[in-house]
Amino acid sequence: MDKMAARASALEARDRIAAEERAEKCGSICSELASILDDALRSYENVTGEPGVCYHQKPFAVALYQSMKSEVSIDRFIETVYDRGLSACFPCMMRPSPTSEGKGPTMVFREVSREQYELGGVAFLDRPLRSFDTDDPDISPFPAVDPPLLDMVVVPLVAFDSKNSRLGYGGGNYDKFLPNLRDNAIVVGVAFEEQRIDEVPCDLHDQKLPRIVSE
Numbered sequence: 020m021d022k023m024a025a026r027a028s029a030l031e032a033r034d035r036i037a038a039e040e041r042a043e044k045c046g047s048i049c050s051e052l053a054s055i056l057d058d059a060l061r062s063y064e065n066v067t068g069e070p071g072v073c074y075h076q077k078p079f080a081v082a083l084y085q086s087m088k089s090e091v092s093i094d095r096f097i098e099t100v101y102d103r104g105l106s107a108c109f110p111c112m113m114r115p116s117p118t119s120e121g122k123g124p125t126m127v128f129r130e131v132s133r134e135q136y137e138l139g140g141v142a143f144l145d146r147p148l149r150s151f152d153t154d155d156p157d158i159s160p161f162p163a164v165d166p167p168l169l170d171m172v173v174v175p176l177v178a179f180d181s182k183n184s185r186l187g188y189g190g191g192n193y194d195k196f197l198p199n200l201r202d203n204a205i206v207v208g209v210a211f212e213e214q215r216i217d218e219v220p221c222d223l224h225d226q227k228l229p230r231i232v233s234e
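According to my numbering, the sequence shown is numbered sequentially starting from 20.
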């Protein structure tokens, strides 16, 4: 099965999940993510003695995502991150500079405070496929977070297999992003069990995930 066929099959299976069952599955996944987070908070060196303050004396930073269509909703886990007083970061697509010939948009994670998140109107959450210029006023209130400062990264996916190979939407954004994390960052993919396939077709640049949580 090639990538296009695998992607279509997994998305069709994901779309067929009934709303009530989907909500239950999302709740189970969010509970597991919260358990992973709490284990990490207990094990990371706390350099200041303050709760949740770890790497480089910065708040523990979690890379999240805003679910689209039938993706796993991690809204409950986002609330957990805010409840723990941690730094919540979301992907924002950045348009390449005029001098970057042949390069496409780059995925950058930006910190969104709880107040900003709950108030709404965060442009890159409302329009996740839009690419922004670096001087766009819509993103100026949301500081970019360098990948090595991210402590935990939750990765959406389209399909996966028993080897933790991941199939995304085809843009290669996470494949380019994940190698920039520091070695001890916690990386967790999330998916419904219906998205599991026998074998994900992979290219050399495709990044496997250390762990994938399904319900």
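Glycine included, C-beta positions come from ideal geometry on N, C-alpha and C. Source: prediction; values computed, not measured.
Query, Result
"Taking the CB atoms as reference points, tell me whether A107 and V131 lie closer together than 8 Å.", "yes"
"Closest to C221 by CA distance: which of N203, G187 and V232 is it?", "G187"
"Kindly identify the DSSP beta-bridge partner or partners of F109.", "R129"
"Is it buried or exposed, G139, if we count other Cβ atoms within 10 angstroms and call 16 or more buried?", "exposed"
"Can you list, in chain order, the residues of its chain whose CB lies under 7 Å from that of M113, leaving out five sequence neighbours each side?", "P124, T125, V127, S150, F151 and T153"
"With burial defined as no fewer than 16 other Cβ atoms inside 10 Å of the residue's Cβ, what is the status of L176: buried or exposed?", "buried"
"With H, G and I counted as helix, E and B as strand and the rest as coil, what does DSSP make of I158?", "coil"
"Going by Cα to Cα distance, which pick from M171, F211 and F143 is closest to I158?", "F143"
"What is the DSSP secondary structure of L186, reduced to helix, strand or coil?", "strand"
"Do you know whose CA, among A80, G190 and R146, lies nearest V206's CA?", "A80"
"Residues in the same chain with beta-carbon distance under 7 Å from L197, minus the five sequence neighbours each way, listed in chain order, please.", "V206 and Q226"
"Secondary structure at F179, three-state DSSP: helix, strand or coil?", "strand"
"Between S89 and the rest of its own chain, which residues show a CB-CB distance below 8 Å, the 5 nearest in sequence each way excluded?", "L30, R33, D34, I36 and R41"
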